[in-house]
Amino acid sequence: MIEKQVNQKAWFMVLPVFLLVAFSAIIPLMTVVNYAFQDTFGSNQFYWVGLDWFKEIIHSERFHDAFFRQVAFSAIILTIEIPLGVAIALAMPKKGWGVPVCLISMALPLLIPWNVVGTIWQIFARVDIGLLGHTLTQLGINYNYTQDPVAAWITIIVMDVWHWTSLVVLLSYAGLSSIPDVYYQAAKIDGASKISIFRYIQLPKMQRVLLIAVLLRFMDSFMIYTEPFVITGGGPGNSTTFMSIDLVKMAIGQFDLGPAAAMSLLYFLVILLLSWVFYTVMSNIGEESSNGGV
Amino acid sequence: MNLSWMAWTLPTAIFFITIFCILVTMTIWEYKSPGGDPRVGVLRFETTRGDRVFVSLLGSAFIHIIWLALFPSISLWCAFAIALIYVCAVFKWV
């Protein structure tokens, strides 16, 4: 029997990544923690205020509103993009010339920078010159995303679905492509229906990639900034002011570094908690189905 | 190296030193008893020591936040005491 070698020196290989993460994430996060307990008027002078900023943010209506808007946005995005992405991946061809055509078409929205996506949709949805906005108005539909909060929400959601469903499609398609043909042959012999094939073969085999898709889409949608900022600027009123937009307004617009730091930490903890819950729940469902399923 | 831009204070420094000490202790514990002591607890899925530390730290942070939200005028040391009990419960049953 070959004995497994243990060499702890391999940890030194992690050192460059650790240093990179320290400079790009850990040290800035420590600074944010320090700022959250102090007040500043500039010139690098800080005054200890204790928990005042946390109390102010936790009890502020502005924070509650932005938080619920953010949760609602992420919930709507996940509810639409995940099933739609899986459905498109299932409908895509498995062989032939259609495969590269579909894959490239799907990858195109992902290649466009976020601010450009925002600008495209900002112009596309305008009532005066935009193809979508002008057409809807001509059809007699009352649509104006600069004045109507519902129209603003619909525009941002449709834009996000257009931009990011492709990611779910590509991940799901990768998961589907990894299923060996023997599974389908066995299902055919058993006379399994399309729904059964999806439920007992395709879905369990896609579990891992779907976990990544859900996590990526949740985290991205929960910290969305650029596109709504370009399209609506957080309006009309504050109806599309998500947490990240509110945070930037507070930190850069008002230069309230202390409250902004406290809000950042709360934001960070919520993302950490929800990501951990998603990861734990979905990886355990995956393990249960691989132990007791197909 | 001038670190004044990081606006260090004694309490925040103590906080980070504590986190660092916890990580060092976990590393030594893992070195002495490798494998992470996996077990299935009340959450009905397998957790290692690292998972339990993560759950403890995250849960403690939320205990403090909830305390601030519900009882802003009562000392946060009460929340700290609850968090300590919570950490012991996590290491015992999770």
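Residue numbers (the numbering used here), protein chains in the order written: chain A, 1 to 294; chain B, 1001 to 1094.
Cβ atoms here follow ideal geometry from the backbone N, Cα and C, with glycine treated the same way.
- Query: Grouping DSSP H, G and I as helix and E and B as strand, with all else coil, what is R126 of chain A?
  - Reply: coil
- Taking 8 Å as the CB-CB limit, is F37 of chain A close to chain B? yes
- Task: Look up R1039 of chain B in the DSSP assignment and say whether it is helix, strand or coil.
- Result: Note: R1039 of chain B maps to strand in three-state DSSP.
- Query: V101 of chain A CB to nearest chain B CB: under 8 Å?
  - Reply: no
- Query: Taking buried to mean at least 16 other C-beta atoms within 10 Å of its own C-beta, is V277 of chain A buried or exposed?
  - Reply: Per the 10 Å Cβ criterion, exposed.
- Query: Hey, out of A:L139, A:M159, A:M92, A:Q45, whose CA is closest to W114 of chain A's CA?
  - Reply: A:M159
- Starting from the beta carbon of V169 of chain A, find every residue of chain B whose beta carbon is closer than 8 Å, and list them in chain order. The contacting residues do not exist; V169 of chain A stays about 30 Å from chain B at best.
- Whose Cβ in chain B lies nearer than 9 Å to the Cβ of W276 of chain A? F1054, V1055, L1058
- Item | Per-residue burial, D190 of chain A [other beta carbons within 10 Å of its own, 16 or more giving buried] | Residue burial is scored here from C-beta neighbours: D190 of chain A has fewer than 16 other C-beta atoms within 10 angstroms and is therefore classed as exposed.
- Task: Identify which residue in B:S1056, B:R1044, B:T1012, B:K1032 has its Cα closest to the Cα of E287 of chain A.
- Result: B:R1044
- Taking C-beta pairs closer than 8 Å, name the residues in chain A that S1004 of chain B reaches, listed in chain order. Those are N44, listed as they occur along chain A.
- Message: I'd like the list of long-range same chain contacts for R1049 of chain B, defined as Cβ closer than 6 Å, with 5 residues on each side in sequence excluded.
- Response: Take R1049 of chain B, set aside five residues on each side of it, and the residues of its chain with a beta-carbon closer than 6 Å to its own are G1036, D1037, in chain order.
- Are at least three pairs of beta-carbons, each pair with one atom in the stretch 155-175 of chain A and one in the stretch 73-91 of chain A, less than 8 Å apart? yes
- Query: Can you name, in chain order, every residue of its own chain whose Cβ lies under 7 Å from the Cβ of I76 of chain A, other than the five neighbours on each side?
  - Reply: I157
- Item | Contact list for L1023 of chain B against chain A, beta-carbon separation under 9 Å | Within 9 Å Cβ-Cβ: nothing; L1023 of chain B doesn't reach chain A, min ~12 Å.
- Is the Cβ of L20 of chain A closer than 8 Å to any Cβ of chain B? no
- Task: Write down the C-beta distance between L266 of chain A and I1065 of chain B rounded to the nearest angstrom, noting that I regard them as a contact closer than 8 Å.
- Result: 7 Å
- Closest by CA to V1053 of chain B, which one among B:K1032, B:C1021, B:C1078? B:C1021
- Message: Would you say F1091 of chain B lies against chain A (beta-carbon separation less than 8 Å)?
- Response: No, F1091 of chain B does not count as interfacial toward chain A.
- Message: Closer than 8 Å is the cut-off here; do at least three beta carbon pairs connect the stretch 234-248 of chain A with the stretch 20-29 of chain A?
- Response: no
- Message: Does chain B have any CB closer than 8 Å to the CB of K4 of chain A?
- Response: no
- Task: Quick one: using the 10 Å Cβ neighbour count with 16 as the cut-off for buried, is H59 of chain A buried or exposed?
- Result: exposed
- Message: Give me the subset of the stretch 52-63 of chain A whose CB atoms are less than 9 Å from a CB atom of chain B, sorted by chain position.
- Response: F54, K55, I58, H59
- If you draw a straight line from the alpha carbon of I82 of chain A to that of T165 of chain A, how long is it in whole angstroms? 7 Å
- Task: With 9 Å as the limit, tell me which residues of the stretch 204-216 of chain A have their beta carbon closer than that to any beta carbon of chain B; keep them in chain order.
- Result: none
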